[in-house]
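Protein chains in written order, with the numbering used here: chain P, 25 to 253; chain E, 13 to 58; chain C, -10 to 218.
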Amino acid sequence: MRARVFLMLSAVLVLATLAIDLLLIPSLAVTESEKLLIQFSPIFYWHIPVAWIALFAFLCVFIASIAYLVKRKPFWDIVATTSAELGVVFTTLFLLTGSIWAKYAWGTWWEWDARLTSSLVLWIIYVAYFLVRAYISSLEQRARFAAVFGILGFLDVPIVILTLFVSRQMHPGDAAFHLDKWQQMTALTVGVLAFTALYFALLFFVIHLREDASELARLKQSVEEKENE
Amino acid sequence: MSDTGYIVAAFAVVWAGLLIYVFVLMQHERALRKEIAALKEGMKKA
Amino acid sequence: MHDGEEMKFWNSVAAIAWKDILSELRSREIITSVLVFGLLVLLVFNLVFDLSSDLMLIAAPGILWVAFAFSGVLALNRAFIPEKEEHCLEGLMGCPVGREAIYAGKALGSLFFMLLVEAVMLPVFALFFDINVFRPEFLVMTVLATVGFVAVGTIFSALAVNTRAREMVLPILFFPVVSPIIIAAVKASALSLAGQSWSDMTIWLAITIAFDIIYLTVPFLVFPFIVEE
């Protein structure tokens, strides 16, 4: 199946960025103080793409939610749910990688500053998205309410992005936009492309999965109807 | 160097997380396909 | 033409809010339970924390907003539950008001209740904790943050009421989304208690007003999708 091939290809691509990061980056840090800056650590070139994909996924939830409310096609609900799931996975990953970096560079696993707090809030919001879906029995109402929640929950995303630029706090802020060395820029670009590919691959794959599941449900229903005849 | 430990840990977290997720999805897909094929077989016989 | 529709809208909003306020003034169910709960929270904090007056100044806004937030959830829950149970909502939708007017009216009613509860709790707080909270900056921030709180809470209340877990799911759904407003209120209140003037607080003021505008507009637009039949 094409979706599976695409998924494996993008996974290989992500592996390739791993190799590139490990080859290019560690040699860059010269001074001791530089070693503590995140842009000199390979973790950065994973943390950023993963975080970007998470936010992009939530943007997709937002758009798909609006599309569902306008068009009322189940396809948009599937896109929204899938994007939300991917968003939660990637948010978990960027929170974890960030935390590991924090322990290394600042000596603490967590810090209640604006960026980390808003990111954690983001995670909670999209987990709550699934809670909303779980607690509603009617299929139509579930899709509709989840769409409303997908729109309201997205309000935290601009906040997460804004906190990157606002004040000088522990989290490095907009370091990604101030890279000097070509190795860094290459690693970051490759990483972003690879993870974006992975996101779309996963999106298509899981959408196929959900459509298969719907087909299964429909088949089961028609078998039951035949048996009842 | 002690810091390589953290880097390895971070990579391992991301990789393990993604791989487990993808693996679970693929298992799910295989199971679904089997069920659909079985149902279709059953419908043909009926 | 347009003016006439606008008048009708505001009349409906006022009518819905007034209906809630009147019925509450008669029965006093919500106000009493919310007030008692809020005061109990304050009492518990007073008993549990034996802080010096300096530390108390730092902790005070947080304690106050915990009390407001938890008792506020009780008030918000009541906004839509009686409607659901007595099917008043269907009656409300029957009359020729736009669905948005229901949102605005309910939000206005909840705002009135919360401000009333806050007006009682603030002097009690000042007494228990021996802190003068009656500075203009503090009061303005409290009111503004309450507006945002109610704006978000009302739409999530409408959503929560239709789920299987009903009112119990409201805090999980809406605390993450409303947290930026509460954080801003606490930070700004802390500044004002420390004796800072308006100029230092302008940024928090601006943030809260921006939030209020967004948290009033988006739910307003999206509310009709929750109550459609």
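Don't be surprised by glycine CBs; every beta carbon is placed ideally from N, CA and C. It should be emphasised that the depicted structure is a prediction, and the values quoted were computed from it without experimental measurement.
- Residue state for ASN35/C is assigned as helix, using DSSP reduced to three classes.
- Membership of GLN245/P in the alpha helix (DSSP H) is indicated by the continuous run 206 to 252.
- Taking 9 Å as the cut-off between beta carbons, the residues of the segment 31 to 53 of chain E near chain P are LEU31, TYR33, VAL34, LEU37, MET38, HIS40, GLU41, LEU44, ARG45, GLU47, ILE48, LEU51, LYS52, in sequence order.
- The beta carbon of TYR159/P falls within 8 Å of a beta carbon belonging to chain C, placing the residue at that interface.
- Interface residue (Cβ-Cβ distance to chain E less than 8 Å): GLU239/P is classified as such.
- The three-state secondary structure of ILE192/C, taken from DSSP, is helix.
- For ILE175/P, there are no neighbours in chain E by C-beta distance under 8 Å, as the nearest C-beta there is about 26 Å away.
- Under the three-state reduction of DSSP output, LYS176/C falls in the helix class.
- Looking at the backbone, the Cα of LYS56/E and that of GLU239/P are separated by about 16 Å.
- Here PRO73/P really is in contact with PHE219/P; their C-beta atoms are around 4 Å apart, less than 8 Å.
- Considering only beta carbons, the part of the segment 109 to 137 of chain P lying closer than 8 Å to chain E consists of VAL113, THR116, LEU117, LEU120, THR121, ILE124, TRP125, LYS127, TYR128, in chain order.
- Among the residues facing chain E, PHE30/P is not included, as its CB has no counterpart in that chain under 8 Å away.
- Contact between the segment 106 to 124 of chain P and the segment 147 to 154 of chain P is present: three or more C-beta pairs spanning the two stretches fall below 8 Å.
- Residue state for ASN66/C is assigned as helix, using DSSP reduced to three classes.
- In the DSSP annotation of this structure, the continuous segment of the alpha helix (DSSP H) that includes TRP125/P starts and ends at 98 to 130.
- DSSP, read as helix, strand or coil, puts VAL190/P in coil.
- In summary, the residues of the segment 163 to 176 of chain C whose CB is separated from some CB of chain P by less than 7 Å are PRO165, VAL166, SER168, PRO169, in the order they occur in the chain.
- With the rule of 3 Cβ pairs closer than 8 Å, the segment 127 to 140 of chain P does not count as touching the segment 156 to 165 of chain C.
- An exposed status is given to LEU210/C, since fewer than 16 other beta-carbon atoms sit within 10 Å of its beta-carbon.
- In the DSSP annotation of this structure, the continuous segment of the alpha helix (DSSP H) that includes VAL38/P starts and ends at 26 to 48.
- The Cβ atoms of VAL132/C and LEU104/C lie closer than 8 Å to each other.
- In the three-state DSSP reduction, TYR159/P falls in the coil class, being neither helix nor strand.
- Counting along the chain, GLU107/C sits inside the alpha helix (DSSP H) bounded by residues 88 to 118.
- Legend: CB atoms of the segment 198 to 216 of chain C lying less than 8 Å from CB atoms of chain P belong to residues ILE203, TYR204, VAL207, PRO208, VAL211, PHE214, ILE215.
- GLY54/E sits exposed, since fewer than 16 C-beta atoms from the chains shown fall within 10 Å of its C-beta.
- In this structure the segment 241 to 248 of chain P lies against the segment 44 to 52 of chain E, because at least three pairs of beta carbons, one per stretch, are closer than 8 Å.
- Bounds of any alpha helix (DSSP H) do not take in LEU179/P, whose DSSP letter is neither H nor E.
- With respect to the C-alpha of THR105/P, the residue from SER123/P, PHE86/P, LYS95/P, LEU186/P having the closest C-alpha is PHE86/P.
- Taken through DSSP and simplified to helix, strand or coil, ASP43/C comes out as helix.
- Look at the beta carbons and you see the segment 106 to 114 of chain C touching the segment 12 to 31 of chain C: at least three pairs across the two are nearer than 8 Å.
- Taking C-beta separations shorter than 6 Å and ignoring five residues to either side along the sequence, the partners of TYR223/P in its chain run ILE77, following chain order.
- THR152/C reaches chain P at VAL156, TYR159, ILE160, PHE169, counting residues in chain order whose Cβ is nearer than 8 Å.
- Around the Cβ of LYS95/P, a 10 Å sphere holds fewer than 16 other Cβ atoms; the residue is exposed.
- Under the Cβ criterion of 8 Å, ASP45/P is not counted among the residues facing chain C.
- Between the C-alpha atoms of PHE102/C and ALA64/C there is a straight-line separation of about 7 Å.
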